[in-house]
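There are 2 protein chains.
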Amino acid sequence: MTAATPVALLTDKYELTMLSAALRDGTASRLTTFEVFARRLPDGRRYGVLAGTGRFLESVADFVFGEGALAAVADFLDPPTLDYLAGFRFGGDIDGYAEGELYFPGSPVLSITGTFAECVVLETLALSILNHDTAVASAAARMVSAAAGRPVIEMGSRRTHEQAAVSAARAAYLAGFEGTSNLEASHRYGIPAIGTSAHAFTMLHTTAGDSTTDDWERAAFGAQVAALGEGTTLLVDTYDVRSGVANAIAVAGPRLGAVRIDSGDLGVLARQVRAQLDDLGARDTGIVVSGDLDEYAIAGLRAEPVDTYGVGTSVVTGSGAPTAGMVYKLVEVDGLPVRKRSSHKQSHGGRKAALRLARPSGTVTEELVYRVGAPPETGTGARELTRPLMRSGELLTRPDLQAARERVAAGLAGLPWEGLALSRGEPAIPTRLVPAR
Amino acid sequence: MTAATPVALLTDKYELTMLSAALRDGTASRLTTFEVFARRLPDGRRYGVLAGTGRFLESVADFVFGEGALAAVADFLDPPTLDYLAGFRFGGDIDGYAEGELYFPGSPVLSITGTFAECVVLETLALSILNHDTAVASAAARMVSAAAGRPVIEMGSRRTHEQAAVSAARAAYLAGFEGTSNLEASHRYGIPAIGTSAHAFTMLHTTAGDSTTDDWERAAFGAQVAALGEGTTLLVDTYDVRSGVANAIAVAGPRLGAVRIDSGDLGVLARQVRAQLDDLGARDTGIVVSGDLDEYAIAGLRAEPVDTYGVGTSVVTGSGAPTAGMVYKLVEVDGLPVRKRSSHKQSHGGRKAALRLARPSGTVTEELVYRVGAPPETGTGARELTRPLMRSGELLTRPDLQAARERVAAGLAGLPWEGLALSRGEPAIPTRLVPAR
Numbered sequence: 001m002t003a004a005t006p007v008a009l010l011t012d013k014y015e016l017t018m019l020s021a022a023l024r025d026g027t028a029s030r031l032t033t034f035e036v037f038a039r040r041l042p043d044g045r046r047y048g049v050l051a052g053t054g055r056f057l058e059s060v061a062d063f064v065f066g067e068g069a070l071a072a073v074a075d076f077l078d079p080p081t082l083d084y085l086a087g088f089r090f091g092g093d094i095d096g097y098a099e100g101e102l103y104f105p106g107s108p109v110l111s112i113t114g115t116f117a118e119c120v121v122l123e124t125l126a127l128s129i130l131n132h133d134t135a136v137a138s139a140a141a142r143m144v145s146a147a148a149g150r151p152v153i154e155m156g157s158r159r160t161h162e163q164a165a166v167s168a169a170r171a172a173y174l175a176g177f178e179g180t181s182n183l184e185a186s187h188r189y190g191i192p193a194i195g196t197s198a199h200a201f202t203m204l205h206t207t208a209g210d211s212t213t214d215d216w217e218r219a220a221f222g223a224q225v226a227a228l229g230e231g232t233t234l235l236v237d238t239y240d241v242r243s244g245v246a247n248a249i250a251v252a253g254p255r256l257g258a259v260r261i262d263s264g265d266l267g268v269l270a271r272q273v274r275a276q277l278d279d280l281g282a283r284d285t286g287i288v289v290s291g292d293l294d295e296y297a298i299a300g301l302r303a304e305p306v307d308t309y310g311v312g313t314s315v316v317t318g319s320g321a322p323t324a325g326m327v328y329k330l331v332e333v334d335g336l337p338v339r340k341r342s343s344h345k346q347s348h349g350g351r352k353a354a355l356r357l358a359r360p361s362g363t364v365t366e367e368l369v370y371r372v373g374a375p376p377e378t379g380t381g382a383r384e385l386t387r388p389l390m391r392s393g394e395l396l397t398r399p400d401l402q403a404a405r406e407r408v409a410a411g412l413a414g415l416p417w418e419g420l421a422l423s424r425g426e427p428a429i430p431t432r433l434v435p436a437r
Numbered sequence: 438m439t440a441a442t443p444v445a446l447l448t449d450k451y452e453l454t455m456l457s458a459a460l461r462d463g464t465a466s467r468l469t470t471f472e473v474f475a476r477r478l479p480d481g482r483r484y485g486v487l488a489g490t491g492r493f494l495e496s497v498a499d500f501v502f503g504e505g506a507l508a509a510v511a512d513f514l515d516p517p518t519l520d521y522l523a524g525f526r527f528g529g530d531i532d533g534y535a536e537g538e539l540y541f542p543g544s545p546v547l548s549i550t551g552t553f554a555e556c557v558v559l560e561t562l563a564l565s566i567l568n569h570d571t572a573v574a575s576a577a578a579r580m581v582s583a584a585a586g587r588p589v590i591e592m593g594s595r596r597t598h599e600q601a602a603v604s605a606a607r608a609a610y611l612a613g614f615e616g617t618s619n620l621e622a623s624h625r626y627g628i629p630a631i632g633t634s635a636h637a638f639t640m641l642h643t644t645a646g647d648s649t650t651d652d653w654e655r656a657a658f659g660a661q662v663a664a665l666g667e668g669t670t671l672l673v674d675t676y677d678v679r680s681g682v683a684n685a686i687a688v689a690g691p692r693l694g695a696v697r698i699d700s701g702d703l704g705v706l707a708r709q710v711r712a713q714l715d716d717l718g719a720r721d722t723g724i725v726v727s728g729d730l731d732e733y734a735i736a737g738l739r740a741e742p743v744d745t746y747g748v749g750t751s752v753v754t755g756s757g758a759p760t761a762g763m764v765y766k767l768v769e770v771d772g773l774p775v776r777k778r779s780s781h782k783q784s785h786g787g788r789k790a791a792l793r794l795a796r797p798s799g800t801v802t803e804e805l806v807y808r809v810g811a812p813p814e815t816g817t818g819a820r821e822l823t824r825p826l827m828r829s830g831e832l833l834t835r836p837d838l839q840a841a842r843e844r845v846a847a848g849l850a851g852l853p854w855e856g857l858a859l860s861r862g863e864p865a866i867p868t869r870l871v872p873a874r
């Protein structure tokens, strides 16, 4: 997120009307803690990957009301509220899990502490960022896991909102994807940008008269190799895959980087294409497959000679779970734990932290959630998950995307083996709330 | 979209590498038409609502490469390509369906005509905007239809990317929603902003000692009514709905605007609350329900005394179909129709337009898609869907959100009755490709 992005209006109206009412009756200055957590994982998922924390922390500094924003809310707020917003800058504390940590139902992934006034206004922004980025990272991690070491590329920008696409590329990279097609994401976050050509480029070389699809395809391949070199990836399924591969090698030679197949039965085609490439002496030419891949399709291609997966729709839309279901709940007011009593939405009051227990092998066994100041007694193998992220409005450490990416990989490596299964199941480890002593 | 938003990097890398190769071999200047269409509707849907056209048309003017954008792509493009981008401004023609039109499989909702160079670079931006906005509007229209005249409010910002939230509010409003919780959407697009308070505001009024939840709730309600007036909506399910309603009327009096119920069996609660409000003399106090509503839940509450629906997650995520599946395909090159021959992805070549046939009653019966310049012979009741939107890079008319909203309502009114069913089914009308004569 660039520093100049105005974010204060990316907010639900009720946050400001609540602020107005709280300023009027004096409760706005009460010291509160809000907690971000998911009551459950998406249906059948065994773990989630926390993402967006870095984007959120950096956006807090941009959450200020300039003249334009103040004018936009002036019609429904009273002068004291407008005065408050004019001088607003979050000055509270934020604690939470590091970005890239796995999470489970009830994990207190983020807690925001400050006056009610300064905490309540951040609700929508915090949830928008965390719900989106976490949904994408959680799906992406399953794909990376299913790919079992083969690189996976994110190329779904066109399937999601143009700005969400940039954040989706970041979240997928964080979860272990190798790169993205999205130029803004590459520019903003330093993610490797990857891309070669589309069917349109081959069809562009259509000419009238007696020429054939082979002529057109060879002309297109020739132009691409001239521009990008023999290490490029040629898209071979515009007309006929077998002809496409023959044309690719005829034009680029046996040192062609890769061919891409974007349609058809990818497993069958990958095997045929591998054999054809080998016959043509192009033993080092890779095979990239794409076309409606998700984690299940990726897993289904494990035995096939595929070198790289390109994933679009399913990763940017969270593979069936486009939002992570995180909520932002008031858990403490002036030191008093508070909770709602409506059925099915019970949240446990009080400001909380968490630690995760592991066997000596490193495999995690349980997550313990406890009231801050009342840590449970644990033996060795306990790792604190909650860390200070912001103090008095100041970011303690700059978000580090590479570190988050490494954290996801370490988290997946530490899951019990059943936790990595793609099939529907229970959370990989239980989350247990430790009663305050 | 504000004029200053840089959009040129919201693009897949391959568009620029294709551009580079096409500039090198001279094909970049070929006159092309790209067509945006959906091969199918989301599973079981009977119609789609085209949205995003206005946002896309306005963004085309912002699609320029400033110094920052050029620097971001300088490492992988050659000087002629960078020179081309430095002077880039789309100068072609755009035709298509007006925003808010219904569409069906194969409807040529947008066509972009110009040199290959200027058309290819718009692919990702066009698809991102149309796929996102159309997915939301298509889901939203089903909810509006299910609500059968009762107002529906969009309050899903927190469940989707912070910028997608703004566009989602616009798409939902276009489809007939009454308003949004999102302040930026209200500011940018003039959509009514709606919002009152959350559970946190009630819990904020927790105090220690002998006080009760009734005390806290009455304090919160009192503060809200003092700030927002008796016409406000009080959230009554923080502790106990029956007590909440009693507290609400005790504090605000029988002229309270509305109460909101956000959890539990909404149908049962709505009936109980209606009876309780009537008993308390609050016959004009409305009932707002929210909490994981989608089109099916809305329809299921039709017989209950509900006045307003608040919808979050399901509308901003397209209610199971978070992307519309639109594609951007090259259909014509220098006057030659072109098409891909891969299985399952056949697109019909040539620049096309469409019209829709209707009975004298206004009920539509069929959509005819034809090559531009070869319109089919039709009797009365044929309505042209394709209209000129941009000529030589100049927008012909400013996008009009209100007009688009009226178009959706008219479109739904003209569907055959089975087309409005929420159940899974075939497209409401067939789309037929008329062979060129």
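Residue numbers (my numbering), protein chains in the order written: chain V, 1 to 437; chain Z, 438 to 874. Positions of the beta carbon are idealized from the N, C-alpha and C atoms, including for glycine. All values derive from a computational prediction rather than experimental measurement.
Cutoff 7 Å; reference residue i; Cβ partners in own chain excluding five residues on either side
i, result
"V/Ala282", "Ile249, Pro254, Leu256"
Rounded straight-line distance, which links the Cα of residue j to that of residue i
i, j, result
"V/Lys345", "Z/Gln839", "Bear in mind that the predicted position of V/Lys345 carries a pLDDT of just 45, short of 50, making it unreliable; the figure below should be weighed with that in mind. Rounded to the nearest angstrom, the two C-alpha atoms are 38 Å apart."
"V/Tyr189", "V/Val166", "9 Å"
"Z/Phe525", "Z/Glu555", "8 Å"
"V/Ala38", "V/Ala324", "7 Å"
"V/Ser111", "V/Ala226", "54 Å"
"Z/Gly491", "V/Ala436", "55 Å"
"Z/Ile628", "Z/Val753", "16 Å"
"V/Asn247", "Z/Pro867", "39 Å"
"V/Ala353", "V/Leu368", "8 Å"
"Z/Pro812", "Z/Ala458", "36 Å"
"V/Pro151", "V/Leu204", "30 Å"
"V/Ala3", "Z/Leu522", "Per-residue confidence for V/Ala3 stands at a pLDDT of 39, beneath the threshold of 50, marking its modelled position as unreliable; the derived number appears in the next sentence. Computed Cα separation, rounded: 26 Å."
"V/Asp214", "V/Val245", "11 Å"
"Z/Ser582", "V/Asp400", "46 Å"
Where the beta strand (DSSP E) through residue i begins and ends
i, result
"Z/Ser751", "Run containing Z/Ser751: none in the beta strand (DSSP E); it sits in the alpha helix (DSSP H), 750-753."
"Z/Arg869", "868-870"
"Z/Pro825", "823-828"
Residue(s) in a DSSP beta bridge with residue i
i, result
"V/Phe34", "V/Ile112, V/Leu330"
"V/Lys352", "V/Arg371"
"V/Ala193", "V/Thr180"
"Z/Thr745", "Z/Val725"
First and last residue of the uninterrupted alpha helix (DSSP H) at residue i
i, result
"Z/Met640", "636-640"
"Z/Tyr451", "450-462"
"V/Asp215", "213-228"
"Z/Leu478", "It is not in any alpha helix (DSSP H) - Z/Leu478 carries neither H nor E in the DSSP assignment."
Residue closest to residue i, alpha-carbon to alpha-carbon, out of the options
i, options, result
"V/Glu426", "V/Gln272, V/Leu396, V/Ala252, V/Arg46", "V/Arg46"
"V/Pro42", "V/Val136, V/Gly312, V/Thr308, V/Leu293", "V/Val136"
"Z/Phe658", "Z/Thr643, Z/Glu591, Z/Ala689", "Z/Ala689"
"V/Gly52", "V/Lys340, V/Arg170, V/Arg159, V/Leu31", "V/Arg170"
"Z/Val828", "Z/Pro542, Z/Asp530, Z/Asp499, Z/Ser634", "Inspection of the sequence shows that residue 828 of chain Z is occupied by Arg rather than by Val. Among Z/Pro542, Z/Asp530, Z/Asp499, Z/Ser634, the Cα nearest to that of Z/Arg828 belongs to Z/Asp530."
"V/Leu102", "V/Thr213, V/Thr365, V/Asp214", "V/Thr365"
"Z/Gly830", "Z/Glu654, Z/Ala459, Z/Pro853, Z/Glu495", "Z/Glu495"
"Z/Arg716", "Z/Arg679, Z/Thr470, Z/Ala656", "Checking the sequence shown, residue 716 of chain Z turns out to be Asp, not Arg. For Z/Asp716, the nearest C-alpha among the options comes from Z/Arg679."
"V/Gly176", "V/Ala413, V/Arg405, V/Lys329, V/Pro322", "V/Arg405"
"Z/Ala498", "Z/Glu472, Z/Arg776, Z/Phe527", "Z/Phe527"
"Z/Thr817", "Z/Gly543, Z/Thr518, Z/Arg796", "Z/Arg796"
"Z/Ala819", "Z/Pro836, Z/Met592, Z/Thr800", "Z/Thr800"
"V/Gly114", "V/Gly335, V/Ile153, V/Val289, V/Ala421", "V/Gly335"
6 Å CB neighbourhood of residue i in its chain, flanking five on each side removed
i, result
"V/Gly267", "Leu301, Glu304"
"V/Ile129", "Gly52, Arg55, Phe56"
Residues near residue i in its chain [Cβ-Cβ closer than 8 Å; skip 5 each side]
i, result
"Z/Thr597", "Ala605, Val753, Thr754"
"Z/Ala734", "Leu703"
"V/Asp210", "none"
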